[in-house]
Amino acid sequence: MSVIITRFGPKKYEIYEPIENEHEDQILKYSKIPAEIDETFLKNQKNGLKKFLKN
């Protein structure tokens, strides 16, 4: 899974929808957007990223 975050300065950022990646022989085969993940998990991860970005 990949998450793209862009930061435009202090307290200015955008967290994009997660990308589900599948690899074959350690090479990215394809990506699926948005990733099929549990909404509660996604919310918790975004909250954690927001705390990280405040530092």
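Residue numbers (my numbering): 1199 to 1253. For glycine and all other residues, C-beta sits at the position ideal for the given N, C-alpha and C.
| Item | Value |
| --- | --- |
| Expected contact under 8 Å - CB spacing of E1220 and I1231 to nearest Å | Actually they do not touch by this definition, with Cβ atoms about 13 Å apart. |
| Bridge-paired residues (DSSP) for T1204 | E1212 |
| Three-state class that DSSP yields for K1248 in the structure shown | helix |
| DSSP-derived helix/strand/coil call for E1220 | strand |
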